[in-house]
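Numbers given in the numbering used here equal positions in the sequence shown, counted from 1, plus 997.
We put the CB at the ideal spot given by N, CA and C, even for glycine.
Note that this is a predicted model, so its numbers are computed, not measured.
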Amino acid sequence: MALNEMMHRPVVKKELVEFMRTRLKPFSGELGELEKDANTRGVPIIPHETAVFLNMILGQIKPKQILEIGAAIGFSGSLMAQHVGPEGHVTTIDRFDVMIRQAKDNFEKLGVADKVTLLEGDAAEVLPTLSGPYDFIFMDSAKSKYYEFLPHCMRLLKTGGMLVIDDVFQAGTILDDVKEVPKRVRKIHIRLNQLMDTVLDHPALETALVPLGDGLLMIVKKEDFDFSYILEEIEKEKQTRA
Ligand SMILES: C[S@@+](CC[C@H](N)C(=O)[O-])C[C@H]1O[C@@H](n2cnc3c(N)ncnc32)[C@H](O)[C@@H]1O
């Protein structure tokens, strides 16, 4: 199982990360046990400071319909399910069978199975089939795909809804000259920069960057805007390469 590399490449001082991870209250009960177990095994879940932050904002926003892209073993999905109330629901997507099996077990164990639907498959194929609308979307999957998934998220998000995207700073290298970036991560670098360039000063969006973990990009959809031109652009790129 892949180690959560970005948990060990924080973008703020090491001592502060340690402080946040040890001094911010641990989660109680089964959720706390799940978090501990994931961290011991190196399962890639959101770091504690991000989980605490997410928990706090969801407690304030009180979303009913949540979409998650990237379930892993169901830690953040279970955390979010605790906020949707009796009528709400979390829909989460993952394509990796090892994760899917554990996520299902964990949703049962934590008593949130009736509040969570796990859609199995590549989000690139699942997202176009969804109709939403969602009050809150949490995107925590392959970073090279965030830009491609943005048009779907924006279509699925309610006006006034919030999209939170995890791990956008590439351990602080996101602003490096692309020529200096190792070839194996160049696509992620380019796509994350395209994502930032698209959303940061977009008139239909309100955006914030929060340097927790490897960086959170938070987007509120203020009004409708059709981002499907991004999909066309990516499709054209693929055809040019073929
Ligand atoms: C960082 S983990 C998610 C952690 C989880 N949100 C948590 O904090 O508990 C990323 C997950 O996204 C899944 N993933 C990556 N790319 C995907 C894609 N294109 N479609 C569906 N799942 C994807 C991986 O299989 C992995 O389980």
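Proximity of residue i and residue j at Cβ, strictly below 8 Å
i, j, result
"residue 1163", "residue 1137", "yes"
"residue 1088", "residue 1064", "yes"
"residue 1081", "residue 1061", "yes"
"residue 1077", "residue 1135", "yes"
"residue 1192", "residue 1131", "no"
"residue 1086", "residue 1125", "no"
"residue 1147", "residue 1195", "yes"
"residue 1219", "residue 1201", "yes"
"residue 1151", "residue 1072", "no"
Closer than 7 Å: residue i CB and nearest ligand 1 heavy atom
i, result
"residue 1091", "yes"
"residue 1067", "yes"
"residue 1101", "no"
"residue 1041", "yes"
"residue 1168", "no"
"residue 1025", "no"
"residue 1110", "no"
"residue 1211", "no"
"residue 1142", "yes"
"residue 1096", "yes"
"residue 1078", "no"
7 Å Cβ shell around residue i - same chain, five flanking residues per side excluded
i, result
"residue 1008", "1166, 1168, 1169, 1208, 1211, 1212"
"residue 1175", "1183, 1186, 1187"
"residue 1123", "1090, 1116"
"residue 1029", "1023"
"residue 999", "For residue 999, the predicted model reports a pLDDT of 46, less than 50, meaning its position is unreliable; a value from the coordinates is still stated below. Once the five neighbours on either side are set aside, the close Cβ partners of residue 999 are 1041."
For residue i, the nearest candidate out of the options (CA to CA)
i, options, result
"residue 1155", "1217, 1195, 1205, 1076", "1217"
"residue 1110", "1122, 1198, 1203, 1074", "1074"
"residue 1140", "1066, 1055, 1198", "1066"
"residue 1016", "1044, 1128, 1153, 1220", "1044"
"residue 1190", "1171, 1068, 1215", "1171"
"residue 1026", "1108, 1093, 1018, 1177", "1108"
"residue 1118", "1093, 1233, 1127, 1128", "1093"
"residue 1056", "1161, 1079, 1205", "1079"
Chain-order list of residues whose beta-carbon lies under 8 Å from that of residue i (same chain, five-residue window excluded)
i, result
"residue 1070", "1031, 1035, 1040, 1042, 1096, 1099, 1100, 1103"
"residue 1021", "1045, 1046, 1049"
"residue 1114", "1086, 1087, 1088, 1089"
"residue 1142", "1120, 1121, 1188"
"residue 1010", "none"
Straight-line gap, residue i to residue j (C-alpha atoms, nearest Å)
i, j, result
"residue 1159", "residue 1203", "9 Å"
"residue 1083", "residue 1112", "8 Å"
"residue 1058", "residue 1237", "43 Å"
"residue 1215", "residue 1133", "11 Å"
"residue 1153", "residue 1222", "11 Å"
"residue 1198", "residue 1231", "21 Å"
"residue 1274", "residue 1157", "A question about residue 1274 goes unanswered here, because the residues of the chain that appear run from 998 up to 1239."
"residue 1018", "residue 1012", "10 Å"
"residue 1120", "residue 1178", "27 Å"
"residue 1226", "residue 1128", "19 Å"
Heavy atom of ligand 3 within 7 Å of residue i beta-carbon
i, result
"residue 1072", "As far as ligands go, the structure on display features ligand 1 and does not contain ligand 3."
Cut-off 6 Å between Cβ atoms - residues of its own chain near residue i, not counting five sequence neighbours on either side
i, result
"residue 1235", "none"
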